[in-house]
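In my numbering, the protein residues as written are 205 to 355.
Below is one structure, written out as C-alpha coordinates, with a few remarks after it.
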(Lines of atoms letter the chains of each structure in order from A and count residues from 1; the text may use other names and numbers.)
(Lines give C-alpha, C1' and ligand atoms only; values in the text may rest on other atoms or scores of the structure.)
Protein backbone atom coordinates (compact mmCIF):
# COMPACT_ATOMS: atom_id res chain seq x y z
CA UNK A 1 0.00 0.00 0.00
CA UNK A 2 2.80 2.42 0.83
CA UNK A 3 4.33 2.02 -2.60
CA UNK A 4 1.91 4.76 -3.67
CA UNK A 5 3.72 7.23 -1.42
CA UNK A 6 5.64 9.70 -3.51
CA UNK A 7 7.44 12.68 -1.93
CA UNK A 8 6.18 14.87 -4.79
CA UNK A 9 2.56 13.86 -4.27
CA UNK A 10 0.14 15.75 -2.04
CA UNK A 11 -1.64 13.99 0.80
CA UNK A 12 -5.04 14.08 -0.94
CA UNK A 13 -3.57 12.24 -3.93
CA UNK A 14 -2.05 9.64 -1.65
CA UNK A 15 -5.32 9.23 0.26
CA UNK A 16 -7.15 8.66 -3.00
CA UNK A 17 -4.70 5.96 -4.06
CA UNK A 18 -4.94 4.19 -0.70
CA UNK A 19 -8.75 4.21 -0.79
CA UNK A 20 -8.74 3.07 -4.43
CA UNK A 21 -6.41 0.18 -3.59
CA UNK A 22 -8.54 -0.88 -0.63
CA UNK A 23 -11.72 -0.75 -2.72
CA UNK A 24 -10.08 -3.04 -5.29
CA UNK A 25 -8.97 -5.39 -2.51
CA UNK A 26 -12.49 -5.34 -1.14
CA UNK A 27 -13.95 -6.36 -4.52
CA UNK A 28 -11.44 -9.22 -4.74
CA UNK A 29 -12.15 -10.40 -1.18
CA UNK A 30 -15.92 -10.27 -1.74
CA UNK A 31 -15.56 -12.42 -4.85
CA UNK A 32 -13.30 -14.86 -3.00
CA UNK A 33 -15.67 -15.09 -0.02
CA UNK A 34 -18.70 -15.66 -2.23
CA UNK A 35 -16.85 -18.48 -3.94
CA UNK A 36 -15.94 -20.09 -0.60
CA UNK A 37 -16.92 -18.65 2.76
CA UNK A 38 -14.27 -20.60 4.65
CA UNK A 39 -12.85 -19.04 7.83
CA UNK A 40 -9.73 -17.65 6.10
CA UNK A 41 -11.71 -15.88 3.38
CA UNK A 42 -14.16 -14.39 5.89
CA UNK A 43 -11.23 -13.19 7.99
CA UNK A 44 -9.46 -11.65 4.99
CA UNK A 45 -12.61 -9.78 3.95
CA UNK A 46 -13.14 -8.58 7.51
CA UNK A 47 -9.58 -7.25 7.70
CA UNK A 48 -9.91 -5.46 4.35
CA UNK A 49 -13.22 -3.95 5.45
CA UNK A 50 -11.63 -2.73 8.68
CA UNK A 51 -8.65 -1.23 6.84
CA UNK A 52 -10.97 0.64 4.48
CA UNK A 53 -12.99 2.00 7.41
CA UNK A 54 -9.80 3.17 9.11
CA UNK A 55 -8.52 4.78 5.91
CA UNK A 56 -11.80 6.65 5.46
CA UNK A 57 -11.63 7.88 9.04
CA UNK A 58 -7.94 8.80 8.77
CA UNK A 59 -8.30 10.61 5.44
CA UNK A 60 -11.83 11.87 6.12
CA UNK A 61 -10.94 15.54 5.77
CA UNK A 62 -9.41 14.90 2.34
CA UNK A 63 -12.43 13.06 0.92
CA UNK A 64 -16.02 14.16 0.31
CA UNK A 65 -17.34 14.15 3.89
CA UNK A 66 -20.88 12.92 3.24
CA UNK A 67 -19.72 10.06 1.00
CA UNK A 68 -17.00 8.97 3.44
CA UNK A 69 -19.43 9.01 6.36
CA UNK A 70 -22.02 6.99 4.43
CA UNK A 71 -19.51 4.41 3.25
CA UNK A 72 -18.09 4.03 6.76
CA UNK A 73 -21.61 3.37 8.05
CA UNK A 74 -22.27 0.75 5.39
CA UNK A 75 -18.92 -0.89 6.11
CA UNK A 76 -19.77 -0.99 9.82
CA UNK A 77 -22.98 -2.89 9.03
CA UNK A 78 -21.07 -5.30 6.79
CA UNK A 79 -18.51 -5.83 9.53
CA UNK A 80 -21.28 -6.81 11.94
CA UNK A 81 -22.36 -9.55 9.52
CA UNK A 82 -18.76 -10.69 9.05
CA UNK A 83 -18.22 -10.68 12.82
CA UNK A 84 -21.19 -12.99 13.31
CA UNK A 85 -19.54 -15.58 11.06
CA UNK A 86 -16.02 -14.99 12.35
CA UNK A 87 -17.05 -15.27 16.01
CA UNK A 88 -18.55 -18.69 15.31
CA UNK A 89 -15.36 -19.74 13.52
CA UNK A 90 -13.24 -18.71 16.49
CA UNK A 91 -15.58 -20.37 19.01
CA UNK A 92 -15.49 -23.60 16.99
CA UNK A 93 -11.71 -23.41 16.85
CA UNK A 94 -11.48 -22.91 20.62
CA UNK A 95 -13.91 -25.75 21.19
CA UNK A 96 -11.59 -28.00 19.20
CA UNK A 97 -8.78 -27.49 21.71
CA UNK A 98 -9.32 -29.88 24.60
CA UNK A 99 -6.82 -28.00 26.73
CA UNK A 100 -8.84 -24.79 26.45
CA UNK A 101 -12.21 -26.27 27.31
CA UNK A 102 -11.24 -29.27 29.51
CA UNK A 103 -14.42 -29.25 31.60
CA UNK A 104 -16.65 -30.12 28.65
CA UNK A 105 -17.43 -33.75 28.03
CA UNK A 106 -17.04 -34.97 24.44
CA UNK A 107 -20.84 -35.25 24.15
CA UNK A 108 -21.38 -31.69 25.41
CA UNK A 109 -18.63 -30.47 23.12
CA UNK A 110 -20.39 -32.07 20.11
CA UNK A 111 -23.73 -30.49 21.06
CA UNK A 112 -22.13 -27.09 21.44
CA UNK A 113 -20.23 -27.49 18.16
CA UNK A 114 -23.51 -28.40 16.44
CA UNK A 115 -25.23 -25.27 17.76
CA UNK A 116 -22.28 -23.10 16.78
CA UNK A 117 -22.29 -24.71 13.33
CA UNK A 118 -25.98 -23.88 12.93
CA UNK A 119 -25.39 -20.29 14.04
CA UNK A 120 -22.50 -20.00 11.58
CA UNK A 121 -24.73 -21.25 8.77
CA UNK A 122 -27.38 -18.68 9.68
CA UNK A 123 -24.84 -15.87 9.91
CA UNK A 124 -23.15 -17.09 6.72
CA UNK A 125 -26.43 -16.93 4.78
CA UNK A 126 -27.00 -13.33 5.90
CA UNK A 127 -23.41 -12.43 5.00
CA UNK A 128 -23.57 -14.04 1.54
CA UNK A 129 -26.92 -12.37 0.85
CA UNK A 130 -25.39 -8.97 1.63
CA UNK A 131 -22.25 -9.68 -0.41
CA UNK A 132 -24.29 -10.81 -3.43
CA UNK A 133 -26.43 -7.70 -3.17
CA UNK A 134 -23.30 -5.54 -3.03
CA UNK A 135 -21.86 -7.33 -6.03
CA UNK A 136 -25.05 -7.14 -8.12
CA UNK A 137 -25.58 -3.45 -7.41
CA UNK A 138 -21.91 -2.66 -8.12
CA UNK A 139 -21.84 -0.66 -4.90
CA UNK A 140 -18.03 -0.53 -4.78
CA UNK A 141 -17.93 1.32 -8.11
CA UNK A 142 -20.47 3.84 -6.77
CA UNK A 143 -18.44 4.26 -3.58
CA UNK A 144 -15.31 4.76 -5.65
CA UNK A 145 -16.90 7.47 -7.81
CA UNK A 146 -18.36 9.28 -4.79
CA UNK A 147 -15.19 9.08 -2.72
CA UNK A 148 -12.94 10.15 -5.59
CA UNK A 149 -15.17 13.09 -6.55
CA UNK A 150 -13.48 16.42 -5.95
CA UNK A 151 -15.13 19.44 -4.47
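Virtual Cβ for every residue (Gly too), placed ideally from N, Cα, C.
May I ask whether a heavy atom of the ligand FAD can be found less than 6 Å away from the beta carbon of residue i?
{"i": "residue 215", "result": "This structure simply doesn't include the ligand FAD, nor any ligand for that matter."}
For my contact list, residue i and residue j are in at a C-beta cut-off of 8 Å; report their separation, rounded to the angstrom.
{"i": "residue 290", "j": "residue 250", "result": "6 Å"}
{"i": "residue 334", "j": "residue 282", "result": "6 Å"}
{"i": "residue 317", "j": "residue 299", "result": "6 Å"}
{"i": "residue 227", "j": "residue 347", "result": "6 Å"}
{"i": "residue 344", "j": "residue 231", "result": "5 Å"}
Of the choices the options, whose alpha-carbon is the least far from that of residue i?
{"i": "residue 288", "options": "324, 315, 351 and 308", "result": "324"}
{"i": "residue 280", "options": "269, 253, 267 and 293", "result": "253"}
{"i": "residue 225", "options": "256, 334, 239 and 215", "result": "256"}
{"i": "residue 329", "options": "295, 344, 221 and 242", "result": "242"}
{"i": "residue 295", "options": "315, 284 and 320", "result": "320"}
{"i": "residue 238", "options": "336, 343 and 229", "result": "336"}
{"i": "residue 154", "options": "286, 221, 230 and 234", "result": "The question about residue 154 has no answer here: the residues shown for the chain are numbered 205 through 355."}
What did DSSP end up calling residue i once you bin it into helix, strand or coil?
{"i": "residue 288", "result": "helix"}
{"i": "residue 254", "result": "helix"}
{"i": "residue 310", "result": "helix"}
{"i": "residue 301", "result": "coil"}
{"i": "residue 242", "result": "coil"}
{"i": "residue 267", "result": "coil"}
{"i": "residue 323", "result": "helix"}
How would you write the range of the alpha helix (DSSP H) that residue i sits in, first residue to last?
{"i": "residue 229", "result": "215-239"}
{"i": "residue 349", "result": "343-351"}
Exercise. On the three-pair Cβ rule with 8 Å, is the stretch 241-248 touching the stretch 210-223?
Worked result: no
Exercise. Taking three-plus beta-carbon pairs below 8 Å as touching, is the stretch 262-275 in contact with the stretch 337-353?
Worked result: yes
Exercise. Counting pairs of Cβ atoms below 8 Å between the stretch 252-272 and the stretch 303-317, do you hit three or more?
Worked result: Fewer than three pairs of CB atoms, one per stretch, sit closer than 8 Å, so the stretch 252-272 makes no contact with the stretch 303-317.
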